[in-house]
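Report on one structure; see the data block that follows.
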Amino acid sequence: MLTTEEISEIETEATHYPRREAVSIDALKIVQRRRGWISDESLRDIAAHLGMSPTDLDSVATFYNLIFRRPVGRHVIMVCDSVSCWIMGHDRIRKHLSERLGIEFGETTPDNRFTLLPIVCLGCCDHAPAMMVGADLHSDLDPRKIDARLEEYK
Amino acid sequence: MMTALAEKPLTGNMRPDGSPLDLPAYEQAGGYRAIRKVLSGGMTAQAVTHEVKDADLRGRGGAGFSTGMKWSFVPLGKDAPNPTYLVVNADEMEPGTFKDRLLMEQDPHQLIEGVIVAGFAIEADIAYIFLRGEYTLAADRLSRAIAEAYERHYLGKNILGSGYSLDLHLHLSGGRYMCGEETGLLNALEGKRANPRSKPPFPPVVGLFGKPTVVNNVETLCCVPHIVNNGAAWFRGLGRTKDSGTKLYGASGKVKRPGLWELPMGTTAREILEEHAGGMRDGVKFRGLLPGGVSTPFIVEEQLDTPMDFTSMPKAGSRMGTGTMIVLDDQTCPVGLTGNLMRFFGRESCGFCTPCWSGLGWAERILQSMEEGHGKPGDIEKLASQAKMWAPGNTFCSLAPGAADPLETALKYFRPEFERHISEHRCPWR
């Protein structure tokens with residue numbers, strides 16, 4: 001079941017578009033912001049609310065990498081692996097994160113604190129290497145700085 | 155006669171501390187004069203389009219198409235299809251590109267004013283800013299600025315009593331590089347997968363929800379108020395070559411001062427690299443650069459004196475693209491770097507046509523095996539023949555042709571390094 005707040009936020013966004021299904025990506029993001037990810041149940045509920053088939057909505061949900069169809073940790077770390085960050089030491093950053101958290105890309109720590117994912121260029125190339133944790137951008141990374149930053153996310 | 159200071163219409167008003175100009179500060183700096191000029195009856199829609207065409211403003215997203223020309227394809231008047239849409243392509247995802255973020259974070263009203271003027275010119279009813287989801291700071295600042303603009307009646311019904319109405323919505327994307335492709339973006343805005351559409355028809359005739367739609371890049375629209383205020387001749391005079399205006403140029407990689415600079419259009423690649431970026435860091439040497447994102451062909455030392463503009467770069471076998479260069483140094487493996495590019499293109503492709511879903515992965519695997527010391531004789535030829543098959547005409551959109559450009563030029567300029575990977579059965583940089 002979608003909550004009243006979720007429905008109200010979806011309906012507000014829906015007024016921006018002439019067709020109801022156009023709000024599908026916004027709707028997925030609205031629900032994900034509250035629940036962390038999009039479960040099969042959430043998907044069915046959103047589809048029903050928008051008058052779409054769950055299959056149609058899933059073809060959209062699985063296309064976009066910022067929509068999570070599997071559970072994620074409390075904080076999602078997205079590490080830029082595009083060219084400028086790669087030149088400036090992405091591999092070292094990735095290795096450090098993997099060793100420190102004990103997980104690879106696509107995995108979540110057993111305490112459910114962090115999920116580690118790769119991401120396309122974050123537009124922070126003059127301060128590479130870069131990553132996001134949740135909605136926050138972190139740049140000019142080195143292993144020590146990563147350790148300090150991760151402490152801010154409980 | 156005194157030499158005039160280099161003009162920086164796009165960034166000159168930005169604050170050194172990086173905080174955004176709010177509406178009063180933007181007006182104080184001369185902002186929202188352009189919409190007053192056009193909406194007070196000072197210019198017709200056709201006159202605005204004519205001025206922008208005359209200014210020779212070319213699309214700053216990288217393609218360099220004439221903005222005024224694009225606008226002129228939109229049907230105007232009472233009998234035109236309704237509504238008409240204006241979409242801002244703020245889906246900055248071309249690797250190595252970080253220019254639109256600055257414009258949106260530090261001067262959001264400049265973009266909004268550009269949207270209103272452009273909207274007036276094409277008689278748009280509704281505008282969307284299609285912003286990549288990861289640009290959270292830009293999203294906050296744009297939302298606030300849009301609210302301020304509505305409060306001042308710069309947006310909404312009957313703007314400043316002119317009879318012109320425009321609504322502006324901010325759409326946060328769900329991700330994927332494909333959304334930067336004009337028609338993929340329109341599909342994403344319609345709530346679909348961001349597959350590209352067959353063209354023609356082109357969006358100015360049949361676009362968003364089947365209606366006339368103009369899609370313009372952020373930097374392009376930011377130029378528009380200045381053209382209206384100062385005229386086409388002034389804008390053309392800003393450029394150092396035949397190309398008009400200023401350009402946000404950038405540099406990343408192992409240069410001394412990576413960054414972003416607003417400079418006259420046509421500044422040479424060497425000047426950007428050596429003077430503004432400070433040249434290479436100590437201990438590394440220059441090998442080549444991708445002039446404007448990863449979809450542009452490499453250039454090397456002998457092409458560095460080429461002006462970075464839409465007209466000159468093709469003569470040197472490359473393109474300006476987004477104008478933000480990625481610099482390759484001698485301590486970085488060109489094969490590894492090319493592999494990184496192919497992995498990016500393969501992952502971000504929508505998987506719709508064969509050159510992408512079949513070819514990109516193949517190229518990535520060949521490059522990966524070379525890096526691991528398993529390269530075989532014939533691999534270079536395989537890569538070259540793949541790149542040929544990704545040419546325009548064989549694909550639905552420009553993603554695969556964009557991938558072919560750096561691959562083909564890497565094979566051309568760094569061929570001995572590719573050969574060494576095969577003959578030595580290892581990556582010499584590891």
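Which chain is which? The protein sequence lines are A and B, in order.
The opening residue of the first sequence carries number 1 in this note's numbering; numbering runs sequentially from there.
The opening residue of the second sequence carries number 155 in this note's numbering; numbering runs sequentially from there.
No residue lacks a Cβ here, since even glycine has one placed at the ideal position from N, Cα and C.
Predicted model only: the values in this text are computed from it and were never measured.
Counting contacts by CB-CB distance shorter than 7 Å, is residue i in contact with chain A?
i      : result
B:T157 : Only weak support is given to the placement of B:T157: the predicted model assigns it a pLDDT of 42, under 50, and the question is left unresolved by the model.
B:I534 : no
B:S406 : yes
B:Y331 : yes
B:K162 : no
B:R214 : no
B:M247 : yes
Can you tell me whether residue i is helix, strand or coil according to DSSP?
i      : result
A:I67  : coil
B:D483 : strand
B:G195 : helix
B:M155 : Residue placement at B:M155 is flagged as unreliable, the pLDDT there being 38, under the threshold of 50; the coordinate-derived value follows with that caveat. B:M155: coil per DSSP, three-state reduction.
B:N383 : helix
B:L240 : strand
B:N548 : coil
B:N370 : strand
B:T290 : helix
B:D321 : strand
A:A14  : helix
B:F572 : helix
A:I87  : helix
A:T109 : coil
B:A405 : strand
B:G338 : helix
B:A272 : helix
B:A423 : helix
B:A281 : strand
B:G315 : helix
B:P461 : strand
List the DSSP bridge partners of residue i.
i      : result
A:L137 : A:M132
B:H430 : DSSP, once it has assigned bridges, lists no residue as partnering B:H430.
B:S220 : B:R212
B:P418 : B:T400
A:L76  : The amino acid at residue 76 of chain A is misidentified as Leu; the sequence shows Val. DSSP, once it has assigned bridges, lists A:T115 as partnering A:V76.
B:I453 : B:L443
B:G310 : B:L320
B:T478 : B:G404
For residue i and residue j, which I take to be in contact (beta-carbon distance under 8 Å), what is that distance rounded to the nearest angstrom?
i      : j      : result
B:K232 : B:G404 : In fact, because the Cβ distance is near 45 Å, the residues do not count as touching under 8 Å.
B:M419 : B:D436 : About 31 Å separates the two Cβ atoms, so there is no contact after all.
B:V368 : B:W225 : 6 Å
B:Y537 : B:G399 : Reading off the sequence, residue 537 of chain B comes out as Leu, not Tyr. So it is not a contact: roughly 37 Å between Cβ atoms.
B:A188 : B:V271 : 5 Å
B:K365 : B:T238 : 6 Å
B:Y282 : B:L343 : 6 Å
If you compare alpha carbons, which of the options is closest to residue i?
i      : options                           : result
B:P555 : B:T563, B:P546 and B:L561         : B:P546
B:F568 : B:L164, B:G490 and B:A160         : B:G490
A:T49  : A:V76, A:E21, A:G73 and A:S59     : Contrary to the premise, residue 49 of chain A reads as His rather than Thr in this sequence. Considering only alpha carbons, the answer is A:E21.
B:R298 : B:H323, B:G287, B:D279 and B:E425 : B:H323
B:T508 : B:F550, B:V481 and B:G532         : B:F550
A:R94  : A:D56, A:A148 and A:P129          : A:P129
B:E277 : B:K311, B:L230 and B:E302         : B:L230
B:Q200 : B:E248, B:P178 and B:G273         : B:G273
B:D171 : B:V192, B:H528, B:M197 and B:L256 : B:L256
B:N236 : B:N370, B:F363, B:A423 and B:E429 : B:F363
A:E152 : A:P54, A:G123, A:D142 and A:R113  : A:R113
B:E248 : A:G123, A:V60, A:H96 and A:K145   : A:G123
B:Q182 : B:E335, B:A209, B:T203 and B:H263 : B:H263
B:P461 : B:P451, B:T450, B:S449 and B:P445 : B:P445
B:P560 : B:V454, B:Y331, B:S319 and B:V382 : B:V454
B:C581 : B:S539, B:Q522 and B:A558         : B:Q522
B:T251 : B:C510, B:L414 and B:E456         : B:L414
At the 7 Å Cβ level, is residue i part of the contact set with chain B, yes or no?
i      : result
A:G123 : yes
A:V120 : yes
A:H16  : yes
A:W86  : yes
A:E107 : no
A:E21  : yes
A:A135 : yes
A:F68  : no
A:F114 : no
Hey, would you say the C-beta of residue i is under 6 Å away from at least one heavy atom of the ligand NAD?
i      : result
A:L122 : The model on display carries no ligand, and the ligand NAD is accordingly not part of it.
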